[in-house]
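Asks:
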Amino acid sequence: MTGKSTLNADEWRVADPDRPSDLLAREQLLEMYYFTRLAREVEERLVILFRQSKVIGGLYRSLGQEGESVATAYALQRRDAVLPLIRNMGALMTMGVRPIEIFRQYMAKGTSNSRGRDLNIHIVHMPAPDTHEPVIVGPISMLGDSIPVAAGIAMGARMRNNPRVAMAWIGDGATSTGAFHEGMNFAAVQKIPLVVVAEDNKYAYSTPISQQMAIKRIDERAESYGIAHELVDGNDMLAVYDVAKRMVESARAGHGPQLIGIDTMRMQGHAQHDDARYVPKTLLDEWTAKDPLRRFRQVLIERSIAGDRELDYIDKMAKDYAAREADLAVDEPMPDPATVTRGVYAGDDYAVPRIELVKSPFARVSAGLKTRPTQEEVS
Amino acid sequence: MTGKSTLNADEWRVADPDRPSDLLAREQLLEMYYFTRLAREVEERLVILFRQSKVIGGLYRSLGQEGESVATAYALQRRDAVLPLIRNMGALMTMGVRPIEIFRQYMAKGTSNSRGRDLNIHIVHMPAPDTHEPVIVGPISMLGDSIPVAAGIAMGARMRNNPRVAMAWIGDGATSTGAFHEGMNFAAVQKIPLVVVAEDNKYAYSTPISQQMAIKRIDERAESYGIAHELVDGNDMLAVYDVAKRMVESARAGHGPQLIGIDTMRMQGHAQHDDARYVPKTLLDEWTAKDPLRRFRQVLIERSIAGDRELDYIDKMAKDYAAREADLAVDEPMPDPATVTRGVYAGDDYAVPRIELVKSPFARVSAGLKTRPTQEEVS
Amino acid sequence: MSGGSKDPPYTSAFIMAVITYLEAIRQALFDEMSADERVFVMGEDVGAYGGAFKVTEGLQDKFGEARVIDTPISEIAIVGSAIGASYMGMRPVCEIQFIDFIACCFDMLTNFAATSRYRNGAGVPIVVRGPCGGGVGGGPFHSLNPESFFLNTPGLKMVEPSTAYDAKGLLKAAIRDDDPVLYFEHKFLYRRIKDEVPDEDYIVPLGKAAVRCEGSDLTIITFGAMVHTALDAAKQLEADGVHAEVLDLRSLAPLDREAILASVAKTSRVLLLYEARRTGGIGGELAAIIAEEAFEYLDAPIMRIASEDAPVPYAPPLEAAFLPTVDKVVEGARKLVEY
Amino acid sequence: MSGGSKDPPYTSAFIMAVITYLEAIRQALFDEMSADERVFVMGEDVGAYGGAFKVTEGLQDKFGEARVIDTPISEIAIVGSAIGASYMGMRPVCEIQFIDFIACCFDMLTNFAATSRYRNGAGVPIVVRGPCGGGVGGGPFHSLNPESFFLNTPGLKMVEPSTAYDAKGLLKAAIRDDDPVLYFEHKFLYRRIKDEVPDEDYIVPLGKAAVRCEGSDLTIITFGAMVHTALDAAKQLEADGVHAEVLDLRSLAPLDREAILASVAKTSRVLLLYEARRTGGIGGELAAIIAEEAFEYLDAPIMRIASEDAPVPYAPPLEAAFLPTVDKVVEGARKLVEY
Ligand SMILES: Cc1ncc(C[n+]2csc(CCOP(=O)(O)OP(=O)(O)O)c2C)c(N)n1
Ligand SMILES: Cc1ncc(C[n+]2csc(CCOP(=O)(O)OP(=O)(O)O)c2C)c(N)n1
Ligand SMILES: [Mg+2]
Ligand SMILES: [Mg+2]
């Protein structure tokens with residue numbers, strides 16, 4: 162039971178219970194790779210649109226953090242709830258948000274989920290209770306506010322006898338807010354199935370983590386609440402998945418909230434306008450070598466999950482997909498100014514475009530499955 | 162050096178460095194007893210005034226908590242800053258606030274520090290920088306707000322090259338507020354000389370601590386901030402003093418904020434109108450046996466610091482003093498309604514009565530002393 | 169407790185009982201929780217203790233700990249988690265122990281709750297209720313009337329009843345409403361005001377004012393505890409032959425513009441009476457609506473009578489000088505009709 | 169940077185430079201920090217980075233980390249610790265990265281800072297400044313104009329400059345003021361507005377409005393970015409022979425009642441122009457003052473032109489429809505003079 166093969170997915174399933182990633186099938190590993198690559202490619206496309214002045218407002222990259230974002234979300238069941246932040250493109254791709262939704266939002270299109278009313282990934286998806294779809298609640302800009310709301314979502318779902326684990330991401334900086342504290346403590350007291358992903362990416366805008374908190378490990382933010390926590394190398398996707406998966410299942414089993422600390426690095430400025438001169442070059446170099454996508458690719462090759470040919474193919478698939486989606490979104494109309502006061506209150510709603518959810522090319526067509534589908538082939 | 166006499170104050174000074182209370186002279190120990198008794202007697206008088214409908218608004222007792230309140234404040238130097246809560250009558254007495262100030266406040270007299278504008282112990286004392294007096298900043302009702310303000314006071318004093326340690330008390334319930342979190346974290350990052358006294362008195366109004374936090378020890382509230390913390394039996398005055406003194410001096414030495422967790426019990430309802438039916442009788446019985454004043458008296462007798470005769474004398478002194486002060490305050494005038502809009506902004510200030518500070522009967526008349534005066538006799 | 173016809177308004181055929189304002193609020197909670205399992209209550213000390221003012225007394229006994237939740241002292245978490253729960257189909261009713269503490273969750277209300285529907289179509293059917301107002305020696309932090317803090321934030325609704333009947337009917341309407349509603353209950357009225365309240369189900373619709381006293385010489389526009397001040401003043405004025413109309417707004421957002429403008433058109437003189445501080449209070453919005461939309465009807469300046477521009481003082485003589493009084497209203501009204 | 173006469177107003181003998189609104193704010197900070205060692209700056213990313221909009225750029229180089237403090241993301245702690253430091257004799261200037269986040273410390277400002285002097289005579293000389301306003305595609309959470317949230321809280325002062333000259337002079341006055349001052353800087357103006365600013369020390373006193381353009385037919389009362397909208401409208405109206413007076417409030421609390429009433433007495437027609445949402449905005453307070461104190465001068469309804477009652481939308485076409493525009497002002501003014 163402790164033996165672990167690196168040769169093929171099936172043998173690999175004989176696994177260490179502490180390493181749920183051992184149970185991931187080949188298609189799932191490739192799917193994780195795909196989502197990570199897709200997140201990066203969507204953002205690369207956004208950079209192009211930004212340079213073309215087609216993005217309204219700021220553009221926030223998750224370069225270097227796509228892996229943790231995918232690997233944490235990948236630990237969820239499809240019906241769970243996610244509350245991502247601006248840098249959790251990977252989580253959105255993993256939950257199946259069609260890339261065009263992102264492009265629409267950034268370009269403030271009338272077709273976007275917020276109909277041009279709100280920024281970047283401030284999207285919301287409220288599926289009917291009986292559908293096999295995730296709850297998605299984008300943040301508001303006020304950092305920390307997502308945490309109490311996430312607690313309420315998981316609590317409310319439990320009250321409705323329709324339980325969902327809620328996963329909320331939060332930056333090192335945002336853990337300093339009062340909202341974070343109150344939400345964490347409330348979730349702990351109420352034993353709410355909430356998994357908080359606290360991302361130590363070394364900076365909050367220009368502020369280094371040393372000026373944000375006087376603790377060394379971000380996961381210690383959970384100590385004051387009696388919340389179980391663990392720190393993980395955020396650029397090692399399988400390690401992240403392992404911790405996240407255990408926590409998600411522990412939360413689901415009724416053991417209350419959990420916090421996974423992510424040790425990672427924001428590889429660009431806070432937003433595109435920020436050249437991040439305040440980040441020491443050596444720090445960037447160190448983390449460039451640890452790029453999660455490159456590392457994961459290497460793992461896949463070393464473990465003979467896939468070869469360069471297949472992975473290159475996935476890369477191209479993701480890149481083309483992102484480009485196609487961006488192109489489609491570009492031509493869509495801006496919102497109609499006549500609608501500006503519509504839908505402030507109930508009774509005057511006008512149609513909100515539902516977020517389109519898509520399956521990855523690796524998804525097994527089987528709605529009833531509790532774990533991720535695993536059987537389709539990539540090449 | 163480890164030997165510790167219980168016989169007389171001088172011998173007793175050869176002490177364990179972990180037990181700064183070993184260095185307390187006889188007069189200091191008696192002074193602590195006096196302050197504790199005085200706090201209780203002032204509140205007993207308030208109860209009488211309350212029953213006579215002379216107290217406007219609610220009356221909050223610190224019954225059972227007077228000891229920790231005195232022992233923590235006693236660890237301060239006279240020039241330090243205190244931010245007490247409603248239940249820190251003991252701290253106010255220790256810092257030398259004349260009891261009449263309390264009666265004036267509770268009765269909303271025009272002579273009170275707030276001139277009848279604010280409640281109970283919401284008093285403020287801002288000494289000139291060069292005087293040998295404490296800074297006193299009463300709370301506002303919004304729980305938790307004192308913590309960031311306390312951090313700012315100690316930070317500001319440091320900036321003015323006029324350093325003071327700030328001590329702020331906070332209830333178990335109030336540690337759940339966002340303000341507490343932000344203030345603690347800020348103080349930790351800025352290494353501010355702040356000592357927080359977190360009082361686990363088992364309830365916040367009717368809410369038991371188990372519904373307030375999912376940790377067992379209140380001092381663990383400090384963990385998330387990297388703040389040094391310790392839990393102490395709050396009804397053992399010398400134990401409280403020992404921890405508080407070490408923390409105050411550590412903060413003063415530049416080691417940043419500290420949190421002392423106080424294990425105690427609120428022996429009455431939240432306020433006089435609350436019969437506290439929700440508190441199990443057994444819990445109260447258990448803590449009645451641990452009354453801090455009775456326990457401290459016993460220590461003083463066992464260690465031959467004083468006998469019943471002297472302690473009875475102190476009791477009477479405190480009781481008479483409280484009664485006299487209450488009587489004086491009762492006859493003072495209510496504020497003049499014509500002043501209601503005065504002093505909202507600078508330039509329209511009208512006289513604010515300065516808080517009168519008094520020395521205890523045990524105080525040595527020596528302004529330059531770093532530690533408490535020690536030579537006067539009581540009987 | 170509930171049952172019977174769902175059609176407001178109630179008729180005299182209904183069973184009526186004279187109950188307090190406070191009891192009416194409690195009944196509304198009982199009724200709505202009985203009728204709709206999605207409704208639940210959360211707040212500090214609302215459970216076994218029944219709340220600082222005993223509004224929720226008995227609720228936990230009846231509905232259990234899962235539906236009457238004692239929270240930590242965390243206003244942000246109370247409102248934030250209510251938003252989340254409402255997303256999942258629940259109908260949370262949050263108690264803020266004293267409404268003054270709503271300042272602590274101002275962000276969550278104005279930025280998260282208020283914008284959610286507009287931004288992504290995600291409605292937030294929560295009620296945030298708590299005791300407001302002065303006159304009881306509560307001091308600077310237990311006496312506020314916070315309506316104007318929220319008046320510039322579209323997406324929120326606000327109500328404040330002045331009678332037991334409205335207290336029950338407005339709370340039921342608020343709970344059933346699909347948007348976030350701030351429900352301010354005036355603590356001075358809790359046990360001082362009693363009136364006939366039907367046992368049967370009814371609501372007082374949001375957004376509708378009520379004429380409490382008909383008159384032709386001037387209109388006193390007010391709400392909450394000040395309705396009673398206005399009615400007392402109207403009685404005194406009546407003795408002088410001055411007929412004051414008293415309009416009880418009941419809803420502060422949205423305002424009942426029709427009722428306001430209709431009364432102004434009738435009387436041509438307006439006295440705005442509110443308990444919050446004068447400057448920056450809701451009287452400004454009312455004056456602006458009237459000065460813009462009923463200008464040609466006005467025969468006199470629009471007068472505001474409100475509290476003084478200061479924190480709420482604690483000592484009774486100060487608070488008495490601070491608050492609007494019947495005398496001030498009578499004097500103001502006389503000036504207005506003589507203008 | 170500083171030096172020279174301390175007597176405002178400046179005369180033409182002073183050395184003048186044309187600088188941006190943003191640079192003027194920065195100069196005020198430099199000057200005051202140079203002149204008074206009690207002044208310090210704290211906020212998120214204000215140090216090495218120089219702030220999200222680079223307002224504090226260079227400050228940390230000059231004054232060091234002890235006086236230009238990068239804080240955690242903790243608006244409550246920023247304002248709360250500023251209050252404490254001010255008690256100890258310091259003069260903190262807090263930056264809120266976007267003024268929208270001031271909602272997070274609403275309690276600390278309205279309950280602690282605003283009441284401190286009244287309650288116990290403990291003044292709170294702090295400045296809380298940050299970028300407000302829309303027109304730059306900032307969306308619902310980076311575009312607010314929060315003045316009306318604070319207008320009902322006595323104890324606070326509020327200013328918002330429309331020119332570089334005022335930006336510098338008002339900030340200096342705010343820092344020297346003994347009470348808490350909220351200083352809103354309109355981000356649309358940061359780099360778009362330039363004007364002559366003296367190198368010498370001067371202040372623009374709090375509580376004083378300025379007539380930006382004399383006129384006799386109507387008064388447009390406004391402030392901040394809308395001053396420029398009003399001036400553009402006035403120019404268009406002038407072509408039609410309509411002479412609009414533009415009054416720039418500069419201070420929002422306290423309001424310059426004399427200047428407001430004097431202008432209304434002169435023109436008898438009032439257009440209130442503000443960028444916040446219409447309902448519950450500062451226009452209400454202005455309308456109330458005018459309808460109460462200048463009623464007999466009024467020849468027409470008091471008109472409000474403001475943003476729509478909705479969250480601030482992100483897409484440029486929506487935001488354009490949302491905000492007040494020159495066209496709307498011109499059209500409104502024409503209606504007013506034709507009334
Ligand atoms: C309450 C609040 N204060 C300030 C800001 C401005 N702000 C936006 S992002 C940011 C930095 C966030 O850092 P962190 O939480 O570490 O997330 P990261 O950007 O590193 O992913 C700041 C200060 C905000 N959005 N909300
Ligand atoms: C922000 C805020 N929310 C709620 C209250 C109402 N309130 C006043 S005292 C209290 C209980 C405080 O409990 P704790 O902090 O444990 O202090 P204790 O009374 O036990 O000394 C509550 C809920 C408040 N004052 N402030
Ligand atoms: Mg970060
Ligand atoms: Mg307690």
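Residue numbers (the numbering used here), protein chains in the order written: chain V, 162 to 540; chain F, 162 to 540; chain B, 169 to 507; chain X, 169 to 507. Using N, Cα and C, we set each Cβ at its ideal position, and we do this for glycine too.
Are there 16 or more other CB atoms within 10 angstroms of the CB of X:A181, so buried, or fewer, so exposed?
Replies: With a pLDDT of 47 at X:A181, under the threshold of 50, the predicted position of this residue should be treated as unreliable, though the coordinate-derived value follows. Counting Cβ neighbours within 10 Å, X:A181 comes out exposed, since fewer than 16 surround it.
Asks: Less than 8 Å separating the beta-carbons of V:P498 and X:P485?
Replies: Yes.
Asks: On the DSSP bridge assignment, give the partners of V:G344 in chain order.
Replies: Beta-bridge pairing links V:G344 to no other residue.
Asks: Is F:G332 near ligand 4, in the sense that its beta carbon is under 7 Å from a heavy atom of that ligand?
Replies: F:G332: yes, Cβ under 7 Å from ligand 4.
Asks: Using a 10 Å radius around the Cβ and a threshold of 16 neighbouring Cβ atoms, would you call V:S337 buried or exposed?
Replies: By the 10 Å Cβ count, V:S337 comes out buried.
Asks: Should B:S316 be flagged as near chain X, meaning a C-beta pair shorter than 8 Å?
Replies: Taking Cβ atoms only, chain X reaches closer than 8 Å to B:S316, which makes this a yes.
Asks: If I measure Cβ to Cβ from F:D380 and keep anything under 8 Å in the same chain, skipping five residues before and after, which residues do I get?
Replies: Here the set comprises A359, H390, E391, L392, L420, I421, G422.
Asks: Between X:V505 and X:L386, how many whole angstroms is the CB-CB distance? I'm expecting something under 8 Å.
Replies: Correct: roughly 6 Å between the Cβ atoms.
Asks: If you reduce the DSSP assignment to three classes, tell me which class F:H283 lands in.
Replies: Residue state, collapsed to three classes: coil.
Asks: Just to confirm the assignment: which complete beta strand (DSSP E) runs, minimum length 3, are found wholly within the segment 263-308 of chain F?
Replies: Complete beta strand (DSSP E) runs here, min 3: 296-298.
Asks: Pick helix, strand or coil for V:M426, following the three-state DSSP scheme.
Replies: Coil, per DSSP.
Asks: Answer yes or no: the CB of F:L246 versus the heavy atoms of ligand 2, is any distance below 7 Å?
Replies: Because some heavy atom of ligand 2 lies under 7 Å away, the Cβ of F:L246 counts as near it: yes.
Asks: Determine which residues share a DSSP beta bridge with F:Q419 and list them.
Replies: In DSSP, F:Q419 forms a bridge with F:V356, F:A389.
Asks: Return the chain-ordered ranges of every beta strand (DSSP E) run that is complete within the segment 251-322 of chain B and spans a minimum of 3 residues.
Replies: Counting whole runs of 3 or more residues, the segment 251-322 of chain B contains the beta strand (DSSP E) stretches 259-263, 295-300.
Asks: Kindly identify the DSSP beta-bridge partner or partners of F:W330.
Replies: F:V358, per the DSSP bridge assignment.
Asks: Spatial neighbours of X:A281 within its chain, please: CB distance less than 8 Å, with the 5 preceding and 5 following residues excluded, ordered by chain position.
Replies: Closer than 8 Å at the Cβ level, and outside the excluded window around X:A281, lie V247, I251, V292, I294, G323, L324, P348.
Asks: Are the beta-carbon atoms belonging to B:P308 and X:R287 less than 8 Å from one another?
Replies: Yes. Within cutoff.
Asks: Looking at chain V, is there any beta carbon in it that lies within less than 8 Å of the beta carbon of B:R194?
Replies: Not one chain V Cβ lies under 8 Å of B:R194.
Asks: Report whether the distance from the Cβ of V:S302 to the nearest heavy atom of ligand 1 is below 7 Å.
Replies: Result yes, Cβ under 7 Å from ligand 1.
Asks: For F:M125, go through chain B and note every residue whose CB falls closer than 8 Å to its CB, in chain order.
Replies: No information on residue 125 of chain F is available, as it lies outside the stretch 162 to 540 that chain F covers here.
Asks: Check the Cβ of F:N274 against every Cβ in chain X and list those closer than 8 Å, keeping chain order.
Replies: Result: N288.
Asks: Between F:H390 and chain V, is the shortest Cβ-Cβ distance under 8 Å, so that the two count as touching?
Replies: Chain V contact via Cβ: absent.
Asks: Using CA atoms only, rank isn't needed, just tell me which of B:E263, B:D204, B:A245, B:S330 is closest to B:E131.
Replies: Here chain B comprises residues numbered 169 to 507, so residue 131 of chain B is not present and cannot be evaluated.
Asks: Alpha carbons only, please: which of X:A455, X:L429, X:G337 is nearest the one belonging to X:L440?
Replies: Out of X:A455, X:L429, X:G337, X:A455 has the C-alpha closest to the C-alpha of X:L440.
Asks: Secondary structure at X:K496, three-state DSSP: helix, strand or coil?
Replies: In the structure shown, X:K496 sits in a helix (DSSP, three-state: H, G or I).
Asks: Inspect the beta-carbon positions of V:Y366 and V:H416 and report whether they are closer than 8 Å.
Replies: No, the Cβ-Cβ distance between V:Y366 and V:H416 is not below 8 Å.
Asks: Is B:E328 near B:H310, with beta carbons less than 8 Å apart?
Replies: In this structure, B:H310 does not lie closer than 8 Å to B:E328 by Cβ.
Asks: Do V:A365 and ligand 1 come close, with the Cβ less than 7 Å from some heavy atom?
Replies: Because some heavy atom of ligand 1 lies under 7 Å away, the Cβ of V:A365 counts as near it: yes.
Asks: Residues of chain X with CB closer than 7 Å to the CB of B:M326, please, in chain order.
Replies: The premise fails here: B:M326 is roughly 10 Å from chain X at the closest Cβ pair, so nothing lies under 7 Å.
Asks: Using C-beta distances below 6 Å, list every residue in its chain close to V:P324, excluding the 5 sequence neighbours before and after it, in chain order.
Replies: The residues are A318.
Asks: Which two residues bound the contiguous alpha helix (DSSP H) that contains B:E453?
Replies: Per DSSP, B:E453 belongs to the alpha helix (DSSP H) from 450-461.
Asks: Quick one, are the C-beta atoms of F:A236 and F:V350 less than 8 Å apart?
Replies: Result no, Cβ atoms of F:A236 and F:V350 do not sit closer than 8 Å.
Asks: Buried or exposed, going by whether 16 or more other CB atoms sit within 10 Å of the CB of F:A232?
Replies: Buried, since its Cβ has 16 or more Cβ neighbours within 10 Å.
Asks: May I ask which residues mark the beginning and end of the alpha helix (DSSP H) holding F:P453?
Replies: Segment 453-463, the alpha helix (DSSP H) holding F:P453.
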